[in-house]
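See below for the structure under consideration.
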Amino acid sequence: MSEQSETAFTDHRYVGKVAAVTGVASGMGRCIALRLASEGATVFGMDINAEGLDEVATEVADAAAAGGAMHTRVIDIADPAECHAAIAECVAQHGRLDVLGNIAATSWMKHAIDVTTDDWRKMFAINVDGTFFMCQAALPHILASKGNIINIASNAAFMGSAYLVPYCATKGAVVQMTRALATEFVKEPIRINAIAPGGTDTPMNRDYQLAENTDFKLLKRSMAFRPLDKPEHIAALFAFLASAEAANIHGAIINADSGMTAT
Amino acid sequence: MKRYDNKVALLTGVASGIGRATAQRLAAEGACIFGLDIDEQGLAATEAQILADGGKMSSRVTDVRSVDECHAAAQACVEACGGIDILGNIAGIANQRHVHQVTEEDWDLMNDVNLKGVFFLTQAALPHIIEREGNIINIASNAGLMGQAFTVPYCATKGAVVNMTKALAMEFVKHPIRINAIAPGGVETSLTANFKVLEDADYSLMARYTGVRPSSQPEQIASLFAFLASDEAGNIHGSIVSADGGLTAE
Numbered sequence: 179m180s181e182q183s184e185t186a187f188t189d190h191r192y193v194g195k196v197a198a199v200t201g202v203a204s205g206m207g208r209c210i211a212l213r214l215a216s217e218g219a220t221v222f223g224m225d226i227n228a229e230g231l232d233e234v235a236t237e238v239a240d241a242a243a244a245g246g247a248m249h250t251r252v253i254d255i256a257d258p259a260e261c262h263a264a265i266a267e268c269v270a271q272h273g274r275l276d277v278l279g280n281i282a283a284t285s286w287m288k289h290a291i292d293v294t295t296d297d298w299r300k301m302f303a304i305n306v307d308g309t310f311f312m313c314q315a316a317l318p319h320i321l322a323s324k325g326n327i328i329n330i331a332s333n334a335a336f337m338g339s340a341y342l343v344p345y346c347a348t349k350g351a352v353v354q355m356t357r358a359l360a361t362e363f364v365k366e367p368i369r370i371n372a373i374a375p376g377g378t379d380t381p382m383n384r385d386y387q388l389a390e391n392t393d394f395k396l397l398k399r400s401m402a403f404r405p406l407d408k409p410e411h412i413a414a415l416f417a418f419l420a421s422a423e424a425a426n427i428h429g430a431i432i433n434a435d436s437g438m439t440a441t
Numbered sequence: 004m005k006r007y008d009n010k011v012a013l014l015t016g017v018a019s020g021i022g023r024a025t026a027q028r029l030a031a032e033g034a035c036i037f038g039l040d041i042d043e044q045g046l047a048a049t050e051a052q053i054l055a056d057g058g059k060m061s062s063r064v065t066d067v068r069s070v071d072e073c074h075a076a077a078q079a080c081v082e083a084c085g086g087i088d089i090l091g092n093i094a095g096i097a098n099q100r101h102v103h104q105v106t107e108e109d110w111d112l113m114n115d116v117n118l119k120g121v122f123f124l125t126q127a128a129l130p131h132i133i134e135r136e137g138n139i140i141n142i143a144s145n146a147g148l149m150g151q152a153f154t155v156p157y158c159a160t161k162g163a164v165v166n167m168t169k170a171l172a173m174e175f176v177k178h179p180i181r182i183n184a185i186a187p188g189g190v191e192t193s194l195t196a197n198f199k200v201l202e203d204a205d206y207s208l209m210a211r212y213t214g215v216r217p218s219s220q221p222e223q224i225a226s227l228f229a230f231l232a233s234d235e236a237g238n239i240h241g242s243i244v245s246a247d248g249g250l251t252a253e
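Right under this line is the structure:
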């Protein structure tokens with residue numbers, strides 16, 4: 179939290195707000211849970227990793243301010259029924275839902291030829307189905323609270339990255355899903371946006387294993403000039419974007435990638 | 004400690020609209036504002052308001068169409084405030100014309116204010132921004148991202164601002180500075196209030212760029228500016244951030 183307390187514009191923007199966030203056991207999800215709770219939010223934190231979820235819940239309890247707190251639910255977002263059940267539990271527990279953050283995702287590198295049917299379906303089930311069915315389950319409650327949804331996309335949605343064909347396809351889907359949802363609900367007083375991070379210092383990124391016989395010439399555009407981003411920066415952007423400060427930002431895909439997609 | 008304590012922000016177009024709201028917001032968060040505008044009266048009014056609210060601001064009447072004036076203004080800012088942390092290129096003009104009505108004078112005016120001024124003030128400020136590890140925000144427009152009938156020169160200049168922002172971001176990607184743009188949709192400012200729709204405009208063509216949601220308030224662009232120019236946005240570089248109530252999502 180030292181990084182955040184140095185830079186945060188702490189206004190307790192989330193006092194009295196309930197935020198359902200997936201993928202909070204590590205990386206960006208963890209930082210977002212910490213950040214929102216530090217600004218007073220009640221976080222309903224979800225992950226498939228029960229152990230990580232418990233650890234983060236303890237961290238959040240220590241960091242929470244102005245009434246902020248975190249409740250957890252172990253969930254496999256690949257199952258649409260679980261998405262609906264989790265949102266129902268969140269609303270039953272807290273009486274409302276103001277912010278949905280779809281952060282959970284999976285990624286790996288493989289030659290397209292080697293991608294199995296199961297690989298493909300699993301990546302779509304987590305990155306695309308999970309995001310959509312969470313949105314579907316949350317939307318009636320977001321409409322009731324005039325809240326907002328933020329999906330984590332990726333610079334991979336805008337770059338054709340070798341050995342990341344399924345990942346690029348899923349993140350492209352998240353971008354267009356966000357824009358289509360934004361248009362469908364443009365007459366309602368809610369907001370739906372996405373953040374497209376670049377390489378961020380998270381376990382997902384650290385666990386990347388290069389595909390066999392990687393041709394590095396094909397990874398040229400993926401080789402960033404700046405160091406890996408900190409997940410705290412994504413959390414700061416999330417906390418701004420989901421707040422009333424960003425009231426006119428709707429249907430936007432915000433690149434936060436240290437310049438990777440500028441070229 | 005406020006986010007902009009000890010920071011110097013050089014802003015154009017501060018006599019009204021987004022520029023004025025941005026100056027007020029940054030000043031309220033502790034920044035020292037060096038405000039530029041061609042409108043002497045509006046500039047003085049912004050300055051008086053900020054000073055009355057307890058903020059810090061000095062100003063210089065500047066025509067950003069002149070390269071010499073851009074450089075002189077950046078220099079004056081450094082002399083008055085000691086450096087430049089943030090440059091906000093906010094000044095811009097817009098109008099509606101059929102293509103066949105656009106004169107060379109129209110074209111040059113639009114380009115000189117919206118594009119040339121942005122480039123040369125950036126050129127003048129960059130050494131100082133690098134020295135302070137600061138950042139630059141250009142105000143583009145949704146017109147830089149979509150084709151809008153009857154505003155061809157405006158779209159051209161704003162499209163140029165979008166790609167100029169990206170090209171600058173790449174040229175300085177190895178420096179510890181950030182360069183971004185905000186692409187607003189319709190905002191309630193004097194620019195839009197004075198925007199005269201052509202009498203014989205085809206409204207079916209204009210409907211494509213008329214938002215379903217009401218126009219934004221300049222304060223909403225100012226709050227995005229205040230986030231984006233702060234250390235909180237440390238990894239946002241070369242980005243074009245749309246703030247248009249969903250107009251460019253469709």
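So the sequence lines, in the order shown, correspond to chains A and B.
Just so we're aligned, residue 179 is where the first sequence starts under my numbering, counting upward by one.
Just so we're aligned, residue 4 is where the second sequence starts under my numbering, counting upward by one.
Think of the CB as a built atom: it goes at the ideal place given N, C-alpha and C, for glycine as much as any other residue.
Quick caveat: nothing in here was measured; it's all calculated off a predicted structure.
Under the three-state reduction of DSSP output, K324(A) falls in the coil class, being neither helix nor strand. Identification of chain B residues near R357(A) by a Cβ-Cβ cut-off of 7 Å yields A252, ordered along the chain. A contact between stretches requires three or more CB pairs, one per stretch, nearer than 8 Å, and the stretch 278-296 of chain A fails this requirement with the stretch 232-251 of chain A. Where L39(B) is concerned, the enclosing beta strand (DSSP E) starts and stops at C35 to D40. According to the DSSP assignment, G273(A) belongs to no alpha helix (DSSP H), since it is labelled neither H nor E. Non-local C-beta neighbours of G338(A) in its own chain, meaning closer than 7 Å and more than five positions away in sequence, comprise C346, ordered along the chain. Note on P375(A): 16 or more other CB atoms within 10 angstroms of its CB, so buried under the neighbour-count rule.
Contact note: D407(A) reaches chain B through N238, using a C-beta cutoff of 7 Å and chain order.
One finds Q223, S226, L227, A229 and F230 in chain B with Cβ atoms closer than 9 Å to the Cβ of E423(A), taken in chain order.
Chain-ordered listing is empty here: chain A has no CB closer than 9 Å to the CB of M209(B), the nearest sitting near 17 Å.
The bridge partners DSSP lists for A184(B) are N141(B) and I243(B).
Beta bridge pairing from DSSP links N280(A) with N329(A). The C-beta of G189(B) has 16 or more other C-beta atoms within 10 Å across all chains shown, which makes the residue buried. In the structure shown, F336(A) adopts coil according to DSSP, grouped into three states.
Contacts with chain B at 7 Å (Cβ-Cβ) do not include V353(A). C-alpha of E191(B) to C-alpha of A303(A): approximately 43 Å in a straight line.
Here the C-alpha atom of D225(A) lies approximately 34 Å from the C-alpha atom of T441(A). The beta-carbon of S242(B) is placed less than 7 Å from the nearest beta-carbon of chain A. The way I'd put it, the stretch 172-191 of chain B does touch the stretch 140-158 of chain B; three or more beta-carbon pairs between them come closer than 8 Å.
Between V176(B) and G147(B), the C-beta spacing is not below 7 Å. Scanning chain B for C-beta atoms nearer than 7 Å to the C-beta of N433(A) yields S242, reported in chain order.
Contact annotation: in the stretch 169-194 of chain B, residues whose CB is within less than 7 Å of a CB in chain A are K169, A172, M173, V176 and K177. Taking CB atoms only, G137(B) has no neighbour in chain A less than 7 Å away.
Contact with chain B is found for G429(A), since one of that chain's Cβ atoms lies less than 7 Å from the residue's Cβ. Shown here, R63(B) sits in a strand according to DSSP, grouped into three states. For N280(A), same chain residues with a beta-carbon under 6 Å away, outside a window of 5 residues either side, are T200, T309, M312 and N329 in chain order. G248(B) belongs to the set of residues whose beta carbon lies under 7 Å from a beta carbon in chain A.
DSSP places L201(B) outside both helix and strand once states are collapsed to three, so it counts as coil.
Among the CB atoms of chain A, one or more fall inside 7 Å of the CB of S219(B). Residue pairing by DSSP places A434(A) opposite P375(A) in a beta bridge. When Cβ-Cβ separations below 7 Å define contact, H190(A) makes no contact with chain B. Taken atom to atom, the span from the alpha-carbon of A163(B) to that of M113(B) is near 12 Å. Counted as a single uninterrupted DSSP element, the beta strand (DSSP E) harbouring R251(A) occupies residues A247 to V252.
Bridge partners of G223(A) according to DSSP: V199(A) and T250(A). Apart from sequence neighbours up to five positions away, the residues of its chain that approach I41(B) with a beta-carbon distance below 6 Å are D66, ordered along the chain. Distance from the CA of P258(A) to the CA of A26(B), rounded to the nearest whole angstrom, comes to 47 Å.
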